[in-house]
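Using my numbering, the final residue of the sequence shown is 244, and nothing's skipped along the way.
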Amino acid sequence: MADESFGHPRLAAIYDPLDPDRGDLDAYLRIAAEFEARSVLDIGCGTGVFGLLLADRGIEVTGVDPALASVAVARAKPGAERVRWLHGDATDLPPLAVDLATMTANAAQEIVDPGAWRRTLRGAYEALRPGGHLVFETRDPARRGWEEWNRESTYGVTEIPGVGAVETWVRLTDVSLPLVTFRWTYVFASDGEVLTSDSTLRFREREEVERDLAAAGFVTEEVRDAPDRPGREFVFLARRP
């Protein structure tokens, strides 16, 4: 089930203006170029930012996401017809044979159930051609990044054209490792509506992820750093033999 921030139509519509700096995607674009990918499956495509960046480069893109409201935002963007948008997840895909599958940002960590995670990895494997790659990131639990998730560090007011001012902040609600749960709050100045979105992320150790990849049939070729967040993320590059 998608979090409200992705699944609620009013929140999905403001997701991009609340997070306009997507410099985190630059590394994925470089990886796509490094592997000379001509086709990409973007798992957890959200509002379609990465999919459209790939399409701008002439890459054939399939984007899949369980949040229908986010997929609707993606489908309404200029140039969206160049991407195949699917409502669902990696466990129920049409036949594909892509060069590269990706899970950017929090997509991998949002799959908290171990069974669902194994099925997602297997779905990605089956969607790749032999020799194709899966690339995704997950936060290093040792950095304890959740300790920065509080109102004092995250409070902000964003003026969004056509929407007005929106106040946002996050606070932790539970830390029961490997699961961390937090709540985003959104206050719309135009009508005073207050919406919340609860999220849970699974913080996996590097060795655990490597074992899961091997069990799904992948060969882990490399674990990189995220260049925009050095020392905070594991970026896995795995190959389907």
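We put the beta carbon where it would ideally sit given N, CA and C, even for glycine. Bear in mind that the values here come from a model prediction, so they are computed numbers and not experimental data.
Inset, instruction - With a cut-off of 8 Å on the beta carbons, I'd call Leu-180 and Phe-206 a contact; round off their distance for me. - result: With a beta-carbon spacing of about 6 Å, Leu-180 and Phe-206 fall inside the 8 Å limit used to define contacts.
Inset, instruction - Locate the beta strand (DSSP E) running through Asp-102, then write down its first and last residues. - result: Per DSSP, Asp-102 belongs to the beta strand (DSSP E) from 101-106.
Inset, instruction - Report the option in Leu-240, Glu-63, Tyr-18, Arg-13 whose CA atom is closest to the CA atom of Tyr-128. - result: Closest by C-alpha distance to Tyr-128, out of Leu-240, Glu-63, Tyr-18, Arg-13, is Leu-240.
Legend entry - Gly-54 beta carbon less than 9 Å from that of Ala-110: No, these two residues do not count as a Cβ contact at 9 Å.
Inset, instruction - Would you be able to state if there are at least three C-beta pairs under 8 Å between the stretch 30-45 and the stretch 91-110? - result: They touch, by the three-pair rule.
Inset, instruction - Using the Cα positions of Glu-236 and Arg-209, report the straight-line distance between them to the nearest angstrom. - result: Approximately 10 Å between the Cα atoms of the pair.
Inset, instruction - State the Cα-Cα distance for the pair Thr-2 and Asp-27, rounded to the nearest angstrom. - result: In the structure displayed, the chain extends from 4 to 244; residue 2 sits before or after that span and is not available.
Inset, instruction - Thinking Ala-93 and Gly-126 are a contact (beta carbons under 8 Å), I'd like their distance in whole angstroms, please. - result: Contact flag correct, Cβ pair sits at about 4 Å.
Legend entry - Ile-163 (DSSP reduced to helix, strand or coil): It is a strand residue.
Inset, instruction - Please name the residue, chosen from Glu-113, Arg-87, Thr-141, Gln-112, that lies closest to Val-101 on a Cα-to-Cα basis. - result: For Val-101, the closest alpha carbon among the candidates Glu-113, Arg-87, Thr-141, Gln-112 is that of Arg-87.
Inset, instruction - Could you round the C-beta distance between Glu-63 and Arg-41 to whole angstroms and report it? I think they count as a contact, below 8 Å. - result: That pair is a contact at about 6 Å.
Legend entry - Residue range of the beta strand (DSSP E) that includes Ile-46: Bounds of the beta strand (DSSP E) holding Ile-46 are 42-46.
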